[in-house]
């Protein structure tokens, strides 16, 4: 009989049968929680990785992706991973700050030159090795990072070109202290909220806007309620695939060997898939009414300098920040 891992999902399976991948053919299927819709580049890359895992283990093991927060919000699912009731989750880097504040370095505005710079950094074990291992004593193992695009502010009614334009606007940010402070320094009011609530919150006026990358902006139909996409370019932060440390350490040798040899390939595949979708997504949104505004990024960079100084205040954070900056070129 096929095993479904450590979370009982019999009742959920019927509800989400339209979302699951062909991983059902494997003998043992592990679950991975994801908060974005089906077809998202990060999801597709994991599904391709799962196919390779299934082939490499002769059909013994696979990973099934549950999109659209079907297993819970990112905050909920990373806690499920930590307590061992879920095998994998794909989460925003901002959430990992709750387990190690040094993750905030990668979540700082304008820290990466471009997506190629980010890609080099997250695959460089000399830079990320100790950081990834730092939360293992708390039960969470970081397997790899994924590209989640360049984040920009989008708004319901007001064009944003400078920090002054954000004054008085409630902008949704991810659920972390760093993200709230970042948006506040940028001139607005950072409002933490789960992704599943954002559309309605903007639609009803609870929020004046949010911030996200082009792919997610269009995939989640945020352009319908926030049709002004302002190119602030303030964040290029990684997402992470995390697993339970005890679970990962107990995996069969053939599976761990596969992970160790193929995770970099997963990273490269996902980066390529995501970047290929960026221009397609914003062009599609524009055809449906989105107005793209060029913002003064230098003004926003200057506005967030106090946040960088605040977050890069410990020896470990400074060493990590300096290592990232040393690889910009």
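Numbering (our numbering), first residue to last: 140 to 468. C-beta: ideal position from N, C-alpha, C; glycine also. Bear in mind the structure is a predicted one, so any value in this text is a computation, not a measurement.
In the same chain as residue 171, and ignoring 5 residues on each side of it, the C-beta atoms closer than 8 Å to its own belong to 185, 202, 203, 204, 205, 226, 227, 228, 229, 380, in chain order. Residue 284 is bridged by DSSP to 379. Put simply, the backbone Cα of residue 443 is about 21 Å away from that of residue 378. Within the segment 359–441, the beta strand (DSSP E) runs of at least 3 residues that lie entirely inside it are, in chain order, 367–374, 377–383, 430–433.
Boundaries for residue 268: no beta strand (DSSP E) harbours it, while the alpha helix (DSSP H) harbouring it runs 264–272, taken from the DSSP string.
For residue 455, the CB contacts under 7 Å within the same chain, skipping 5 residues up- and downstream, are 241 in chain order. Between the segment 273–284 and the segment 294–303 there are fewer than three inter-stretch CB-CB distances shorter than 8 Å, so the stretches are not counted as touching. Rounded to the nearest angstrom, the gap between the Cα atoms of residue 279 and residue 235 is 10 Å. Remark: C-beta atoms of residue 373 and residue 300 do not approach each other more closely than 8 Å.
With 16 or more other Cβ atoms from the protein chains shown falling within 10 Å of its own Cβ, residue 174 counts as buried. For residue 456, the uninterrupted alpha helix (DSSP H) segment begins and ends at 454–464.
Ranking 209, 231, 251 by CA distance to the CA of residue 468 puts 251 first. If you draw a straight line from the Cα of residue 445 to the Cα of residue 336, it is about 30 Å long. The alpha-carbon separation between residue 390 and residue 167 amounts to approximately 12 Å. Per DSSP, residue 231 is one residue of the beta strand (DSSP E) stretching across 227–231.
Around the Cβ of residue 309, a 10 Å sphere holds 16 or more other Cβ atoms; the residue is buried.
In this structure, the CA atom of residue 246 is about 15 Å from the CA atom of residue 452. Residue 416 places its beta carbon less than 8 Å from that of residue 180. The beta-carbon separation of residue 266 and residue 463, rounded to 7 Å, stays under the 8 Å limit for a contact.
Under DSSP, residue 201 shares a beta bridge with 168. Secondary structure within the segment 273–327: the alpha helix (DSSP H) runs of 4 or more consecutive residues, fully enclosed, are 316–324 (chain order). Residue 338 sits away from residue 356, with the two beta carbons spaced by 8 Å or more.
For residue 349, the enclosing beta strand (DSSP E) starts and ends at 348–351.
A Cβ-Cβ contact shorter than 8 Å links residue 325 with residue 305.
Looking only at 263, 213, 169, the smallest Cα-Cα distance to residue 199 is reached by 169. With a contact defined as Cβ atoms closer than 8 Å, residue 319 and residue 350 miss out at about 12 Å. Between the alpha carbons of residue 348 and residue 164 lies a gap of roughly 42 Å. Of the candidates 358, 317, 365, 365 places its Cα closest to the Cα of residue 340. In the structure shown, residue 176 falls within a coil segment according to DSSP collapsed to helix, strand and coil.
Ranking 436, 256, 363, 398 by CA distance to the CA of residue 343 puts 363 first.
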